[in-house]
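Following: one structure in structure tokens, then a few remarks.
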Amino acid sequence: MALDFDATQEEIQIFLAEAKEQIETLEEGIMSLEQEQGDIDAELLQSIFRAAHTLKGSSAALGHVDMAKLTHEMENILDHLRKNTIDITPELIGLLLGGIDALRIYANEIYQGKESGYDSSELVESFKDFVAASLETAKAPAKETPAETEKETPLELVFPDDLKAKAFQLAAPDKKVFEIGVQLETENTLPSVRAYQLIMLLEDLGKLVFTQPGLEELEQFQDGKLKALLVTTSDAKTVKAGIAKIPDCKQIVVREAKEVPKAEKKTSNVSAEVTEAEEDEQDEQPKDAKKQGQILIAPTIRVDVSVLDDLMNLVGELVIDRTRLTATLQKLQEGNDLEAVIESLAQTGGHIGRVTENLQDLIMKARLLPMRTLFRKFPRVTRDLATKAKKKIRFEMSGEDTEIDRSVIEQISDPIIHLLRNAIDHGIEMPEERERLGKDPTGTISLIAEQEESYIVIRIKDDGKGIDPEKIVAMAQRKGLITRERAQNLTPKEAVELIFLPGFSTAEQVTQVSGRGVGMDIVRKNIENLSGNIQIITEVGKGTEFRIELPLTLAIMRTLLFESSNTLFSIALSAVAETNRVSHSEIKYVNKQKAMMLRGRILPLIHIEEIFDLPAPEMRGEHFYVIVVRRQRTQVGIIVEKLLGEEEVVVKTLSKLLGDVRGLSGATILGHGEIAFILDVPVLLEYGTDGRVE
Amino acid sequence: MEEFLERRDSESKQIVVFSLENEEFGVPIECIKEIRKLSDLTITKVPRSKKYIAGVVNLRGRILPVIDLRVRFGMKESITDASRIIVFEVEEDVCGAIVDAVTEVVKVPVDDIEPPAGAVSGIQRDYIEGIAKIGERLVVLVSLELIAKTQD
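Heads up: the sequence lines are chains A and B, in that order.
Take 576 as the starting number for the first sequence in the working numbering and just add one per residue.
Take 79 as the starting number for the second sequence in the working numbering and just add one per residue.
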């Protein structure tokens, strides 16, 4: 059902932006409460309390009664905590976190303008029960409160009456109306794809009167809950069997709709239905609630007013330049002396240059967001994953203030979650195992962000069992991913990197959370799509570190331009260590590979034409240029014809229609409209060595 | 003929007719974004791309891939002053296709469009949407979108 509020769209937007912040404050605060058990920080409590209080007020003002009720109860509990009349217990933390999930669902409802069908009344009751029970036992450890929060919103099948009426109109005597609800797996899969398949299937089965989400909403579909009204001649079993053929359906409800339905939620819920839900999937439900909340990344951004003022000033400068140009044109038309015109043009041009440079800087800055926006959800994620995997984990984060482009933040979230999940599932050992090994039974996972030159480095580190290259090689061979020959020639580093091969999953046993088809190959691909790269540093028994390097920004890059075989190329300046003018006689051959000596080290060389199968130029000149590309210890020299200098370029992606253009990460348009291709640094480095060849 | 077409306006399709070697091809007008003279745009070859990819062009700040339809259909490469680039959309992408010439835009009654029968001069049948009869002429209707999307 559509949600209607007596508020303008802008008011709703403001409410959502604030709600998002308050929910985050609440979640972070509650997470730290849990960590500081016993030693309560009054200031922290005060800030959480304030967030709940504000949220209560604003949701009531907006008119979302359920949300206001829920926040009221949360506020009440926090108030008791503040006054020290109840204790912090794991139950309480669980309860509060459940409340946060529910708040996210509500916020999402408001965002989408549609009722989610979620009902928090049970949760509200358990809050009340908890307070009552705790006060009764006055400061004694709280009684066992049923962890109501862990229960997830059941698939509620409530359809608007008018739709049902419409469905019954369509139903001929031999046709029935079915209410269908499907809960799709949302972890690691694309629920929208499955939903699309489902809708297509249902359309084949009969007349589909209504679906939520509709086809056009599928892109935003994330919570995995699909509802539909179907008029068909088939029976419930057939419909259900059909649905069950589609992968990732966790829960399927198909029931016959009753005519002239009373819009009473309770009764419709109890009606005879064929429910199918596997046990272990029940406890995965809370996560879905969280997923729902994730849609709440508003497409708007908060910008400092001073930045806006600066932007305005710069635009003002540009307007002045425009006036100047018009004036100059007039001078030209009047035939004034050329000298003055040239002078004026040069001045204006220079001025425009400076202004646009400033504009560019400012816009880039406005696009930057602190890592905190991304990191803040990870303590909760790791906590949930660790609980599920029954492992003890200490989670540390640093560098939340590191700033990175907004578009990168949005796309790096999933790879990080995947790596955290890997660290928890496959890295950290079970507590008993750790103890036996003489390690701290509590494993440590660190998430670190920092800036290194024009790169942001994100490291995910665990002190678990590390990755054993031999096991990896054996596994890869068993799965037929590499030949025996290749296996024998691998260095340990190369061996470990086999985990990035499609189809590889190191888990001996596919666990509930990770290793469901989405593997490290996808992680690497996502990172490379961002023009970044990922490396593994691991030691058996000690732990593993994944190191992700990402460019600070995707949009604009400082590059070195060069030309070879009549093709223009550019390469990120950050990857260029130096350039050298070299004569033919300096080329040596090492193992049939071209190389040269550079300050006592061997530098492998490769012609740019060889990388891209371009026609070899007739190197008439005695000299050519070598661009030394270096990242950490790996380096390679690219032989090119002509260096054209540095240039700041706007990066554009290359169309997928071009097919595989390995080695190129994009293209750019230069001053006169020419197109230059941007080289993909990680691919170039594959031609290099890590300094082992001496 | 003209009058006849007018009357059946609702049941006719507007087809942009272009030529490749000595054959005529057509695409529904709604599939086309714009048509440019080849000589107005500079094609930059893309290293390591497929043979039938002529390269990329800069169209108002956008970098579009351009397919050489002659090469795509197994004909000999040939570029003249009459050569045109047909710009069309493929999902979220925009793409160009080089043709010998764009000859006309005609309204064809739907009844005069027949389903594809077999392959036409080495063009895969999947790309052919139908054959339109325009008087005595036969125009092969192709799906530029499918041609661009399918990589072989």
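Glycine included, every Cβ here is placed at the ideal spot set by N, Cα and C.
Along the region 125-183 of chain B, the beta strand (DSSP E) occurs as fully enclosed runs of 3 or more residues at 131-137, 140-146, 162-168, 171-177, listed in sequence order. Setting aside the 5 residues that flank it on each side, B:V149 is surrounded in the same chain by K129, Y130, E155, each with a C-beta closer than 7 Å to its C-beta; the list follows chain order. When only Cα atoms are considered, B:T181 and A:L1233 end up about 28 Å apart. Taking the C-beta atoms as reference points, B:A179 is found nearer than 8 Å to B:S97.
Counting C-beta pairs with one atom in each stretch, the region 136-144 of chain B and the region 1198-1213 of chain A have fewer than three that are closer than 8 Å, which means they do not touch.
Around the beta-carbon of A:E1261, fewer than 16 other beta-carbon atoms lie within 10 Å, marking it exposed. Residue pairing for B:P106: DSSP places it in a beta bridge opposite B:I93. Annotation: Cβ neighbours of A:V1236 in chain B (cutoff 9 Å, chain order): V124, P125, R126, S127. Between the region 162-170 of chain B and the region 104-116 of chain B there are three or more C-beta pairs closer than 8 Å, enough to call the two in contact. Classified as buried, B:N136 has 16 or more neighbouring CB atoms from the shown chains inside 10 Å of its CB. Under the three-state reduction of DSSP, A:L1127 is assigned to coil, being neither helix nor strand. Here A:I685 is buried: its Cβ has 16 or more other Cβ atoms, across all protein chains shown, within 10 Å. A distance below 7 Å between beta-carbons, with the five flanking residues on each side excluded, links A:A819 to the following residues of its chain, in chain order: I827.
Taking the beta carbon of A:D1255 as reference, no residue of chain B falls within 8 Å; the closest one sits roughly 12 Å away.
A contact is defined here as three or more CB-CB pairs under 8 Å, and the region 1218-1235 of chain A meets this definition with respect to the region 1135-1142 of chain A.
The beta carbon of A:L1136 sits no closer than 8 Å to any beta carbon of chain B. Within 9 Å of the CB of A:G1246, no CB atom of chain B is found; the nearest one sits about 12 Å away. Under the three-state reduction of DSSP output, A:G924 falls in the helix class.
Nearest C-alpha to A:K751 among A:G781, A:M649, A:M642: A:G781. For secondary structure counted as the alpha helix (DSSP H) over 4 or more consecutive residues, the region 602-662 of chain A holds these complete runs in sequence order: 617-637, 640-657. Chain A has no Cβ within less than 8 Å of the Cβ of B:A132. Rounded to whole angstroms, the Cβ separation of A:L1056 and A:F1075 is 11 Å, and the two are not in contact under 8 Å.
Residue pairing by DSSP leaves A:H1247 without any beta bridge partner.
A:V882 counts as exposed, since fewer than 16 other C-beta atoms from the protein chains shown sit within 10 angstroms of its C-beta. Interface residue (Cβ-Cβ distance to chain A less than 8 Å): B:A175 is not classified as such. A straight-line Cα-Cα distance of about 37 Å links A:A707 and A:L759. Taking a C-beta distance under 8 Å as the contact criterion, A:A594 and A:A677 do not qualify as a contact pair. Closest by C-alpha distance to B:C173, out of B:D159, B:I121, B:V184, is B:I121. A:Y1200 is bridged by DSSP to A:R1156, A:V1215. By the Cβ test, the region 578-587 of chain A is not in contact with the region 654-661 of chain A, since fewer than three Cβ pairs between them sit closer than 8 Å.
Counting only Cβ-Cβ distances below 8 Å, A:S1021 has no contacts in chain B at all, with the closest Cβ about 39 Å away.
For A:I1250, the nearest beta carbon of chain B is closer than 8 Å to its own beta carbon. Bridge partners of A:E1114 according to DSSP: A:G1118. For the pair of segments examined, the region 918-935 of chain A was found to touch the region 890-905 of chain A: the number of CB pairs separated by less than 8 Å reaches three. Using a C-beta cut-off of 8 Å, the region 942-950 of chain A makes no contact with the region 909-921 of chain A, since fewer than three inter-stretch Cβ pairs fall below that distance.
Under DSSP, A:S695 takes part in no beta bridge, so it has no partner.
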